[in-house]
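Chemist: The structure that follows is given in the form of structure tokens.
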Amino acid sequence: MARLHPIRPTRARTHGLRLRTQILLLQVAVITVSLAVGFGLVVHRSAGEVRAQFTQRAAAIAQTVASDADVRQAAAAESAARRAGRPPSATELASAAVQQQAVAVTRRTDVLFVVIADDAGFRLAHPDPSQLGSRVSTDPTAALAGREEVTEQTGTLGGSVRAKVPVFGGKGAVVGMVSVGVSTDTVGAAARRSLLLLLGLVAASLAVGAAGSGLLARRWRRLTLGLEPEEMAELIREQDAVLHSASDGVIAVDADGVARVINPRARELLGVAAPAGTPLAWLGLTPRVAAVAAQPTDPPVAAAVNERVVLVASRRVWRGDRDLGTVLTVADRTDVEALTREMDSIQAMSSALRAQRHESANRMHVVAGLLRADRTGEALAYLDEVAGLDGAGAPVPGIAGLQEPHLRAFVSAKATQARERGVALTVGSDTLLVDTLTRTVDATTVAGNLIDNAIDAASESGPGGTVELDVLRDGDTLVIAVSDSGGGFTVADPFAEGVTTHGLSTVPGGRGMGLAIVRQVARSAGGDVVIACRGGAQGPTTVVATLPGCLLAAPPADVGGCVRG
């Protein structure tokens, strides 16, 4: 099957980016801006939260140290000694238990310092022993006043986030203070680690967003077949103009078997009422049309749909290696078929007239020769013999009962064709038709197809075959019965479209439409075509057709019947 590639519309020249690229960039930009704003807010909060965490940690350590009984007792003792004028020396403070305890807490909690001072602000414990006995470098007023203080200050050990907590004596009086500090470098390092983690999350989110945008752009391209909006709009305009103005019907079926486009002409020709988006199997197509739609064919196929004869063809549509589905086209052949039937009728009658003229000329030559030879008696006998023959020059048994001129001439022509094929065509003894036809083409179409099929069947067994035609009337209904001596019908439904015993043909749409068209013509007139006998061992093959309204109304004295004895 050759691939049918759709015509690609002319791409308009544009200096900008393709729409899918613009969408990709826009999505990436939106994701980037959103992440940047969110990152800024999180960083701002993260820095404050990290600082708050270290401040709370320093306060907790200071509170724990200040509540220790040994610290409270040492602070009270040192404060009392200083008020008594006996402050401890640096050496004494360096060896004191409170100094050892403060150093141990500093190392264990990994803070910058743990400083203990008396109620006057003099250091009792300090990471640097040289600072013992001196006043604290920052203001201890709040802590010595009994209030906890959290602040960021710079002291002898550098900048730190520190918590100052009062140390209460046995009677609730403030006897000193504890100051715990965490280096601002430590706080900054923790904030940077948190920042790096956030940056990693942002980068990962941006990568995922960009990948998702890329996949969306790729899907966009696949769905739009790589077309830009301007091209799609142009295609839609062209499709609307073509599909709604075309004289042929078009049904577009996607790769999943769903009808996506059904133009008005297709609905009219095929009698489709289902909306677009209906599966092909649910459109209500005739079996022959549905078969063509399901299996693409190169030559068009003729089909009878309601009262129409149509030519249907289908093509598979590809874009690259992608199967886009099938396009079914439908052309109305009803008018052509009607003209063909009229031409067949005219040709048959013309053949009869030509044969009559030829025979008449031959007879005149015979009569002239006899008269010139002065053989008058023989000439008269010859004329008497000629008077007993039919108009075509050869006897058609029983044709005397067929007085309707169109059918008489038509049957005479068919009899001549039958004789050429070794088949004897006779008119049955029940035939009696003197009325005028009101639909000559319908009558000759039905009679001609039935006679042709009968001649074909009778000639298959060689010379000597017979075909019998009976033409009757029942009121204004014309009854045509054709019998033949052939082998009978060997197919289940001889009226099915495409059923034929002939070989391939160049006839548009193929053969196998004769009986289907006969039944269609009869039913469109309100009649029908039936098989009275299938032939073979059952007897002669007999087909009967009825055409109501095909004759002028019978006069009151008419007693003609249509029942064959």
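Following the working numbering, the numbering of the sequence shown begins with 1167 at its first residue and continues without gaps.
Every residue gets a Cβ at the ideal spot worked out from N, C-alpha and C, and that includes glycine.
Since we're looking at a predicted model, the values are computed, not measured.
#1: Residues in the same chain with beta-carbon distance under 7 Å from Gly1287, minus the five sequence neighbours each way, listed in chain order, please.
#2: With DSSP as the reference, identify every bridge partner of Val1645, one or two as the case may be.
#3: Per DSSP, what are the beta-bridge partners of Lys1330 in this structure?
#4: Would you grab the beta carbon distance between Thr1643 and Pro1714 for me? Rounded to a whole angstrom, and I think it's under 8 Å.
#5: For Arg1385 and Ser1379, what's the separation of their Cα atoms in angstroms?
#6: From what residue to what residue does the beta strand (DSSP E) around Asp1464 run?
#7: Quick check: the Cα distance between Val1593 and Gly1702, rounded to an integer number of angstroms?
#8: Using 8 Å as the threshold, is the C-beta distance between Leu1599 and Leu1573 below it?
#9: So what's Ser1255 in DSSP terms, helix, strand or just coil?
#10: Tell me, to the nearest whole angstrom, how far the beta carbon of Ala1623 is from that of Thr1707; I am working on the premise that it is less than 8 Å.
#11: Distance, Cα to Cα, Ala1243 vs Phe1220?
#12: Less than 8 Å separating the beta-carbons of Leu1278 and Ser1326?
#13: Among residues of its own chain, excluding the 5 on either side of Asp1163, which ones have a beta-carbon nearer than 7 Å to its beta-carbon?
#14: For Ile1565, which beta-bridge partners are listed by DSSP?
#15: Is the region 1579–1593 touching the region 1539–1550 in the sense that three or more CB pairs, one from each, lie closer than 8 Å?
#16: So, for Ala1447: in the same chain, excluding its five sequence neighbours on each side, which residues have a beta-carbon less than 8 Å away from its beta-carbon?
#17: Classify Asp1234 as helix, strand or coil using the three-state DSSP reduction.
#18: Quick check: the Cα distance between Ala1218 and Ile1189, rounded to an integer number of angstroms?
#19: Helix, strand or coil for Arg1433? Go by DSSP, reduced to three states.
#20: Would you kindly check if the distance between the Cβ of Val1280 and the Cβ of Ala1291 is under 8 Å?
#21: What are the boundary residues of the beta strand (DSSP E) that Thr1495 is part of?
#22: At a threshold of 7 Å, does Ile1417 count as lining the ligand GTP (C-beta to nearest heavy atom)?
#23: Spell out the partners DSSP gives Ala1425 in its beta bridges.
#24: In whole angstroms, what separates the C-alpha of Ala1230 from that of Asp1284?
#25: Which stretch, first to last residue, makes up the alpha helix (DSSP H) that contains Val1607?
#26: Can you check DSSP and say which residues form a bridge with Val1633?
#27: Taking a contact to mean a Cβ-Cβ separation below 8 Å, would you say Thr1610 touches Val1687 in this structure?
#28: Quick one: measure Cβ to Cβ for Gly1654 and Gly1631, integer angstroms, because I've assumed they're closer than 8 Å.
#29: Would you call Gln1222 buried or exposed, if buried means 16 or more other Cβ atoms sit within 10 Å of its Cβ?
#30: Check Ala1283 in the structure and name its three-state DSSP category.
#31: Can you say whether Thr1187 is buried or exposed, counting buried as having 16 or more other CB atoms within 10 angstroms of its CB?
#32: In terms of DSSP beta bridges, what is Ala1479 paired with?
#33: Does the distance from the CB of Val1421 to the CB of Gly1486 come in under 8 Å?
#34: Among the candidates Val1331, Gly1564, Arg1431, whose CA atom is the shortest distance from the CA of Ile1227?
#35: Between Ser1245 and Val1341, which are expected to be in contact by the criterion C-beta below 8 Å, what is the C-beta distance as a whole number of angstroms?
#36: Quick one: what's got a C-beta closer than 7 Å to Val1316's C-beta in the same chain, skipping five residues either side?
Modeler: Looking at the atomic coordinates:
#1: Within the sequence shown, numbered from 1, the residue matching residue 1287 stands at position 121. Excluding positions up to five away in sequence, the list reads Arg1301, Val1302, Pro1306, Leu1310.
#2: Translated into the one-based positions of the sequence shown, residue 1645 becomes position 479. Under DSSP, Val1645 forms a beta bridge with Leu1638, Thr1712.
#3: Along the sequence shown, read from residue 1 onward, the residue named residue 1330 stands at position 164. Glu1315, Ser1345.
#4: Residue 1643 sits at position 477 when you count from the first residue of the sequence shown. Residue 1714 sits at position 548 when you count from the first residue of the sequence shown. Right, the Cβ-Cβ distance comes to about 5 Å (below 8 Å), so this counts as a contact.
#5: One-based indexing of the sequence shown puts residue 1385 at position 219. One-based indexing of the sequence shown puts residue 1379 at position 213. If I take the Cα positions, the gap works out to 10 Å.
#6: Counting from one through the sequence shown, the residue named residue 1464 turns up at place 298. Per DSSP, the unbroken beta strand (DSSP E) holding Asp1464 starts and ends at 1463–1471.
#7: Position 427 of the sequence shown, counting from 1, holds the residue named residue 1593. Position 536 of the sequence shown, counting from 1, holds the residue named residue 1702. The alpha-carbon atoms of Val1593 and Gly1702 are separated by roughly 22 Å.
#8: In the sequence shown, counting from the first residue as 1, residue 1599 sits at position 433. In the sequence shown, counting from the first residue as 1, residue 1573 sits at position 407. The Cβ atoms of Leu1599 and Leu1573 lie closer than 8 Å to each other.
#9: Residue mapping note: residue 1255 aligns to position 89 of the sequence shown, counting from 1. Secondary structure of Ser1255 (DSSP, three-state): coil.
#10: In the sequence shown, the residue the question calls residue 1623 occupies position 457. In the sequence shown, the residue the question calls residue 1707 occupies position 541. Their Cβ separation, rounded to whole angstroms, is 6 Å, which keeps Ala1623 and Thr1707 in contact under 8 Å.
#11: Working through the sequence shown from its first residue, we reach residue 1243 at position 77. Working through the sequence shown from its first residue, we reach residue 1220 at position 54. Straight-line Cα distance between these residues: approximately 31 Å.
#12: The count along the sequence shown starts at 1 and reaches residue 1278 at position 112. The count along the sequence shown starts at 1 and reaches residue 1326 at position 160. Taking 8 Å as the cut-off, the Cβ atoms of Leu1278 and Ser1326 count as close.
#13: Outside the modelled stretch of the chain, which goes from 1167 to 1731, sits residue 1163, for which no answer is possible.
#14: Translated into the one-based positions of the sequence shown, residue 1565 becomes position 399. Ile1565 pairs with nothing; no bridge assigned.
#15: no
#16: Residue numbering aside, residue 1447 sits at position 281 when the sequence shown is read from its first letter. Answer for Ala1447: Gly1423, Ala1456, listed in chain order.
#17: Your numbering for residue 1234 matches position 68 in the sequence shown. Asp1234 falls in the coil class under three-state DSSP.
#18: Locating residue 1218 in the sequence shown gives position 52, where the first residue counts as 1. Locating residue 1189 in the sequence shown gives position 23, where the first residue counts as 1. Their Cα atoms are separated by approximately 43 Å.
#19: One-based indexing of the sequence shown puts residue 1433 at position 267. In this structure, Arg1433 counts as helix in the three-state DSSP scheme.
#20: On the sequence shown, position 125 is the one that residue 1291 refers to. On the sequence shown, position 114 is the one that residue 1280 refers to. Contact: yes.
#21: One-based indexing of the sequence shown puts residue 1495 at position 329. Run containing Thr1495: 1488–1498, per the beta strand (DSSP E) assignment.
#22: For the structure depicted, the ligand GTP is absent and the ligand set is empty, with no information on it obtainable.
#23: For the purposes of this step, residue 1425 is taken as the residue at position 259 of the sequence shown. According to DSSP, Ala1425 bridges with Val1419, Thr1444.
#24: Sequence index remark: in the sequence shown, residue 1230 carries index 64 (1-based). Sequence index remark: in the sequence shown, residue 1284 carries index 118 (1-based). Here residue 1230 turns out to be Thr, not Ala, going by the sequence shown. If I take the Cα positions, the gap works out to 17 Å.
#25: Counted from its first residue, the sequence shown places residue 1607 at position 441. Taken as a continuous stretch (DSSP letters only), the alpha helix (DSSP H) holding Val1607 covers 1606–1625.
#26: Counted from its first residue, the sequence shown places residue 1633 at position 467. Note: Val1633 sits in a beta bridge opposite Leu1591, Asp1650.
#27: By 1-based counting over the sequence shown, the position of residue 1610 is 444. By 1-based counting over the sequence shown, the position of residue 1687 is 521. No, the Cβ-Cβ distance between Thr1610 and Val1687 is not below 8 Å.
#28: As a position in the sequence shown, residue 1654 is number 488, starting the count at 1. As a position in the sequence shown, residue 1631 is number 465, starting the count at 1. Gly1654 to Gly1631, Cβ: 13 Å. No contact.
#29: Mapped onto the sequence shown, residue 1222 falls at position 56. So Gln1222 ends up on the exposed side.
#30: On the sequence shown, position 117 is the one that residue 1283 refers to. It is a strand residue.
#31: By one-based count along the sequence shown, residue 1187 stands at place 21. Flag for Thr1187 reads exposed.
#32: Reading the sequence shown from its first residue, position 313 is the one you call residue 1479. DSSP lists Thr1495 as partners of Ala1479.
#33: Numbered from 1 along the sequence shown, position 255 holds the residue referred to as residue 1421. Numbered from 1 along the sequence shown, position 320 holds the residue referred to as residue 1486. Residue identity check: residue 1421 is Ala in the sequence provided, not Val. It is not a contact, given that the beta carbons lie outside the stated cut-off.
#34: Numbered from its first residue, the sequence shown carries residue 1227 at position 61. Of the candidates Val1331, Gly1564, Arg1431, the one whose C-alpha sits nearest the C-alpha of Ile1227 is Val1331.
#35: As a first step, residue 1245 must be located in the sequence shown, where it is residue number 79. As a first step, residue 1341 must be located in the sequence shown, where it is residue number 175. Going by Cβ atoms, the distance from Ser1245 to Val1341 rounds to 5 Å, so yes, they are a contact pair.
#36: Taking the sequence shown and counting its residues from 1, one reaches residue 1316 at position 150. For Val1316, where only same-chain residues beyond five positions count, the Cβ hits under 7 Å are Thr1221, Ala1225, Ala1329.
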